[in-house]
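S.K.: Read left to right, the sequence shown gives residues 1 to 192 (full-length UniProt numbering).
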Amino acid sequence: MAAEPPAGVQRHPRLTLVSGPSRGGKSRWAEHLAGASGLAVIYLATGPSLPDDAAWQERLRRHRLRRPPAWGCREVGGALAAAVAQLQPGQLGLVDSLGTWVAAHLDLEPPDWGFRCDELLGALGSCRAPLVVVCEETGWGVVPATAAGCRFRDRLGTIQQTLMARSEAAWLVLQGRAIDLLALSQPVPPGF
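#1: With 16 as the cutoff for other CB atoms within 10 Å, does E58 come out buried or exposed?
#2: Where in the region 127–173 do unbroken runs of the alpha helix (DSSP H), each at least 4 residues long, occur, reported from the N-terminal end onward?
#3: Quick one: Cα of R11 to Cα of Q186, how far?
#4: Check G35 in the structure and name its three-state DSSP category.
#5: Just the C-alpha distance for D96 and E136, rounded to the nearest angstrom, thanks.
#6: Short of 7 Å in beta carbon distance, which residues of its chain neighbour V9, apart from the five on each side in sequence? Order them along the chain.
#7: According to the Cβ coordinates, are L174 and V132 closer than 8 Å?
#8: Pick helix, strand or coil for R177, following the three-state DSSP scheme.
#9: Contact defined as beta carbons within less than 8 Å: I believe G78 pairs with A104. What is the distance between those atoms, to the nearest angstrom?
#10: Hey, which unbroken runs of the alpha helix (DSSP H) at 4 residues or more fall wholly within the region 59–92?
#11: Does A183 come out as helix, strand or coil in the three-state DSSP assignment?
#12: Between which two residues does the alpha helix (DSSP H) carrying T16 extend?
#13: With DSSP as the reference, label P189 as helix, strand or coil.
#14: Rounded to the nearest angstrom, how far is the Cβ of L106 from that of R116, given a contact under 8 Å?
#15: Grouping DSSP H, G and I as helix and E and B as strand, with all else coil, what is residue 194?
#16: Roughly how far, in whole angstroms, is the beta-carbon of T16 from the beta-carbon of L33, given that I think they are within contact range, below 8 Å?
#17: If the criterion is Cβ atoms closer than 8 Å, does the pair L98 and V134 meet it?
#18: With a Cβ-Cβ cutoff of 8 Å, do R14 and E119 count as a contact?
#19: Alpha carbon to alpha carbon, what distance is there between G90 and residue 229?
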């Protein structure tokens, strides 16, 4: 059990997950939570730069315009564990997103993927700053048509369940509405 902060000091959840489908508002909700924290926000961008992709560049531009100028931003790509380890007390790390981090490591074989997951989980566990992690929901509809799509769905779903077990707060955001998952849900029993 976490120790209570001294009187007058606000306690922030160590790990908050914000998940949902594409275009549902999850990044905006995560940014709202981060901004309301009163801490120095460090935005950890895991997506690729893709300078030749005009649509991706427009998406990045809109994200940048939405963020307050005082927020720091580190474009970490697949090096998320190292970036999380650098966060300091008084900061809040906003990871956007877990799915692009998974995609950056999609070509790894299972042992190397397991190592990357363990590395990230270790960094999250020892991080000295609260974290808000944006993660995509996949697999709500059609089964992916490719092996890579299935691998992405399975890896993202597995790591999300692992992180959920370690989270102190979790939100499902869809259609512009945020639902407090821990207040309104029960954990699914482990499988056989």
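Don't be surprised by glycine CBs; every beta carbon is placed ideally from N, CA and C.
M.R.: Reading from the atomic positions:
#1: The residue in question, E58, is exposed, as its Cβ has fewer than 16 Cβ neighbours within 10 Å.
#2: For secondary structure counted as the alpha helix (DSSP H) over 4 or more consecutive residues, the region 127–173 holds these complete runs in sequence order: 147–166.
#3: Roughly 24 Å separates the two Cα atoms.
#4: If DSSP states are grouped into helix, strand and coil, G35 belongs with the helices.
#5: Their backbone Cα atoms lie some 10 Å apart in a straight line.
#6: For V9, the predicted structure reports a pLDDT of 45, less than 50, and the residue's modelled location is therefore unreliable. A value from the coordinates is still provided. Cβ within range, chain order: n/a, list empty.
#7: Not in contact: L174 and V132 (Cβ atoms no closer than 8 Å).
#8: Strand at R177.
#9: With a Cβ gap of about 3 Å, G78 and A104 count as contacting.
#10: At a cut-off of 4 residues, the continuous stretches assigned as alpha helix (DSSP H) that sit fully inside the region 59–92 are 80–85.
#11: Three-state result, A183: helix.
#12: Not the alpha helix (DSSP H): T16 falls in the beta strand (DSSP E), residues 15–20.
#13: Three-state DSSP puts P189 in coil, outside helix and strand.
#14: L106 to R116, Cβ: 11 Å. No contact.
#15: Since the first and last residues shown for the chain are 1 and 192, residue 194 lies out of range.
#16: Distance from T16 to L33 at the Cβ level is roughly 6 Å; contact confirmed, criterion being Cβ atoms closer than 8 Å.
#17: In this structure, L98 places its C-beta atom within 8 Å of the C-beta atom of V134.
#18: No, the pair does not count as a contact, with Cβ atoms beyond the cut-off.
#19: Residue 229 lies beyond the stretch modelled for the chain, which goes from 1 to 192, so this question has no answer here.
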